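To start, the structure itself, in structure tokens.
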Amino acid sequence: MTFKIVSDSASDVAFLPQTPFASVPLMITVGANTFVDDAQLDVPGMMAALKEHRGRSITACPSPDAWMQSFEDAEEVFCFTITSTLSGSCNSAMVAQRDYTALHPERRVMVVDSLSTGPEIALLIEKTAELHQAGHSFEEIQEELESYQQRTHLLFSLQSLRNLANNGRVSPAIAALAGLLGIRVIGCASAKGDLEMLARCRGEKRALDAIYSGMMERGYAGGRVRIAHCGNEPFAQALADAIHARFPDADMKLYPTMGLCSFYAEQGGLLVGFEG
Ligand code: X90
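All letters in the sequence shown, in the order written, are residues 462 to 737 by our numbering.
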């Protein structure tokens, strides 16, 4: 059985060692420029263009056709998308799944609506690759993933909600609360897959404390942590240090966000996916 994992670029995963993998890019349009969110994208360059640009900027999810091409000829596909509550990506993937399995009835595609983004999707992808490497069947992986998804979480700290608000991805009430300079919004991916605000705070130390306690409240006990940051490695490192101080063996990775998460998390933003 040929096996493949595919994900939209909201996962910030560009490559996977050992398991066949493809990332399907979302697009970011800033004025007359459209940026393709793939491994070649110059993210700092895109962020600079955004800063310069005065008008509104938009994003677009992959088409069913782009998803379909990513399946290639795989007989078993696990397909991960950003939350369906905030993007049409999952819907496109389901159209591709329907068409692909209509053409090849013996092939199987599982579309996983992450109800989240970035590092929480990365955890789901890693788990799938491991289960596959360990020899589990499609059904077994499916079952395991469903229960694993119950214990993974996403928390974040955002310094600006401008792009989320301009694109209608966050309620005007939340956007209004977030507008002040120097205020960070701490939030989580809610059970229904949208942005839930947990706290507002001033300064990095308070933001770090709020994220750390949010992790503890959600049952973090030394499991995996994936931290994606937009141009803010010191903040990501400070959080990693705080976690390591209490859980020295925690399996942790830090990395920069790719295009889509950078666009919405904005400069200084941080996303944390972890096991509860
Ligand atoms: O154009 C599209 O279809 C993509 C729209 C994506 C909108 C949301 C992106 C969020 C990225 C920002 C903060 C985390 C919010 C998470 C809530 C689940 C990251």
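Ideal Cβ placement from N, Cα and C applies to all residues, glycine included. Quantities reported herein were computed from a predicted structural model and do not represent experimental measurements.
Could you please give the first and the last residue of the uninterrupted alpha helix (DSSP H) stretch that includes residue i?
i	result
Ile704	694-707
Gly579	579-594
Ala527	525-532
Could you check where the beta strand (DSSP E) with residue i kicks off and where it finishes?
i	result
His614	613-619
Ala483	482-485
Met719	Careful: Met719 lies outside any beta strand (DSSP E) and carries neither H nor E.
Met571	569-574
Thr520	518-521
Asp469	464-469
Glu736	731-736
What residue from the options has the CA that sits closest to residue i's CA?
i	options	result
Ala739	Ile602, Gly629, Gly579, Pro580	Only positions 462 to 737 of the chain appear in the structure, and residue 739 is not among them; the question remains open.
Leu731	Pro709, Phe708, Tyr681, Ala701	Ala701
Met529	Ser550, Arg679, Ile704, Ile519	Ser550
Ala682	Glu513, Ser598, Phe708, Gln558	Phe708
Leu584	Leu625, Ile704, Leu477, Ala636	Leu477
Ile582	Ala689, Glu604, Ala711, Glu678	Ala689
Phe482	Ser518, Glu533, Ala697	Glu533
Val570	Asp560, Asp670, His597, Lys714	Asp560
Gly492	Ala595, Ile519, Gly643, Gly648	Ile519
Ser472	Ala521, Ala535, Gln479, Thr542	Thr542
Glu536	Asp526, Asn552, Gln558	Gln558
Tyr673	Ile704, Glu665, Asn693	Ile704
Ala626	His593, Met508, Phe724, Ala509	Phe724
Met462	Phe599, Met677, Leu622, Gly675	Phe599
Leu606	Cys540, Leu502, Gly516, Met507	Cys540
Would you please state the rounded distance, in angstroms, between the beta carbons of residue i and residue j? I believe it to be under 8 Å.
i	j	result
Ser531	Val485	5 Å
Val474	Met488	At roughly 18 Å, the Cβ-Cβ gap does not stay under 8 Å, so Val474 and Met488 are not in contact.
Val733	Phe617	7 Å
Arg667	Leu638	Wrong, their Cβ atoms sit about 16 Å apart, outside the cutoff.
Val538	Val467	6 Å
Leu619	Arg645	7 Å
Leu547	Asp670	Not a contact, Cβ separation roughly 27 Å.
Thr738	Thr578	No answer is possible for residue 738: it lies beyond the span of the chain, which begins at 462 and ends at 737.
Met719	Ser524	About 19 Å separates the two Cβ atoms, so there is no contact after all.
Ala726	Cys691	5 Å
Verify the contact flag: residue i, CB atom, against every heavy atom of the ligand GDP, threshold strictly below 7 Å.
i	result
Phe617	By its list of ligands, the structure shown excludes the ligand GDP, since it contains just the ligand X90.
Enumerate, from N- to C-terminal direction, the unbroken alpha helix (DSSP H) stretches of 4 or more residues contained entirely within the stretch 624-697. 633-639, 665-678
Any alpha helix (DSSP H) of 4 or more consecutive residues that is wholly inside the stretch 473-513: 504-513
Scan the stretch 534-570 and note each continuous alpha helix (DSSP H) run of 4 residues or more that stays entirely inside, going in chain order. 550-564
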